[in-house]
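So the structure is just underneath, and the comments pick up after that.
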Amino acid sequence: MIRDVKKGESLGGSREYFKKEYKKFPPTTIEEKISLALFVIATVLAFTRQFYQNLLPGLKPAYVFIICAILSFLITRSDGERLMLWKSVQTKIIWEMIYIFAGGLAVGTLINESGAAERIGELVSGMGLTGGLTTVFVIVTVTLLMSDVTSNTDNSGSCNSYCNL
4 MIRDVKKGES LGGSREYFKK EYKKFPPTTI EEKISLALFV IATVLAFTRQ
54 FYQNLLPGLK PAYVFIICAI LSFLITRSDG ERLMLWKSVQ TKIIWEMIYI
104 FAGGLAVGTL INESGAAERI GELVSGMGLT GGLTTVFVIV TVTLLMSDVT
154 SNTDNSGSCN SYCNL
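In this text, residue positions in the sequence shown follow this note's numbering: the first is 4, and each later residue adds one.
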């Protein structure tokens, strides 16, 4: 059900409903607070890199997330267990997706740094295409030819690179 509410007007009973639902939650545990703090620290550091990159030039956002992940394996909960256990990580992560994604990033980087994306872009732009169906056809054809030798993830990363040229 959708109700049109004008600016400044409140939806009757909504505040009370959410207060009642909020009170049903158990109190936040110290482990949940630590996990939240690690996530917030990693996210803030990832998005504010320009403020500390001169001080720590090698600390990239990916490293911040890795450090926080390692810390979550090292911090001990109140019951003596670790905050995060490898057994739960192993069973709940779709490892195939991570491998495909990492492979796609690696091949996309290889295509960009080798100059292949630039060369493909030069070839396509040298055709004098002005957009429209013909341009789409050429890009799809190049992408399909590339997909014969790479995975779709690799292909989409490199297609994005030469489409931006």
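Note that beta-carbon positions come from the ideal geometry of N, C-alpha and C, so glycine has one too.
Measure the Cβ-Cβ separation of Ala120 and Ile114 and say whether it is below 7 Å. As a working note, residue 120 is residue 117 in the sequence shown. As a working note, residue 114 is residue 111 in the sequence shown. The answer is yes: Cβ separation under 7 Å.
Tell me the DSSP secondary structure of Thr137 in three-state form. The count along the sequence shown starts at 1 and reaches residue 137 at position 134. In the three-state scheme derived from DSSP, where H, G and I count as helix and E and B as strand, Thr137 is classed as helix.
So, helix, strand or coil for Arg3, using DSSP? An answer regarding residue 3 cannot be provided, because it is not within the stretch 4 to 168 covered by the chain.
Would Cys71 and Leu39 qualify as a contact pair, given that the criterion is a beta-carbon distance under 7 Å? Taking the sequence shown and counting its residues from 1, one reaches residue 71 at position 68. Taking the sequence shown and counting its residues from 1, one reaches residue 39 at position 36. One thing to note: Cys71 has its Cβ no nearer than 7 Å to the Cβ of Leu39.
Taking the alpha-carbon positions, what's the Lys23 to Leu58 distance? Here residue 23 refers to the residue found at position 20 when the sequence shown is read from its first residue. Here residue 58 refers to the residue found at position 55 when the sequence shown is read from its first residue. Looking at the two C-alpha atoms, the distance is approximately 47 Å.
Option in Ala65, Phe140, Arg80 and Ala109 with minimal Cα separation from Ala45: Working through the sequence shown from its first residue, we reach residue 45 at position 42. When Ala65, Phe140, Arg80 and Ala109 are compared, the shortest CA-CA separation from Ala45 is found for Ala65.
Distance check for Asp151 and Ser128, CA to CA, integer angstroms please. Locating residue 128 in the sequence shown gives position 125, where the first residue counts as 1. Locating residue 151 in the sequence shown gives position 148, where the first residue counts as 1. Their Cα atoms are separated by approximately 23 Å.
Figure out for me which residue from Leu86, Val92 and Gln93 has the closest Cα to the Cα of Thr32. As a position in the sequence shown, residue 32 is number 29, starting the count at 1. Nearest option by C-alpha distance: Leu86.
Going by DSSP, what residues sit across from Arg85 in a beta bridge? Counting from 1 along the sequence shown, the entry for residue 85 is found at position 82. Paired residue(s): Thr79.
Is it the case that the Cβ atoms of Glu34 and Arg80 are separated by a distance below 7 Å? As a working mapping, residue 34 is identified with position 31 in the sequence shown. As a working mapping, residue 80 is identified with position 77 in the sequence shown. Cβ distance < 7 Å, so Glu34 and Arg80 count as in contact.
Expressed to the nearest angstrom, what Euclidean distance is found between the alpha-carbon atoms of Val139 and Thr146? As a first step, residue 139 must be located in the sequence shown, where it is residue number 136. As a first step, residue 146 must be located in the sequence shown, where it is residue number 143. Rounded to whole angstroms, Val139 to Thr146 spans 10 Å at the Cα level.
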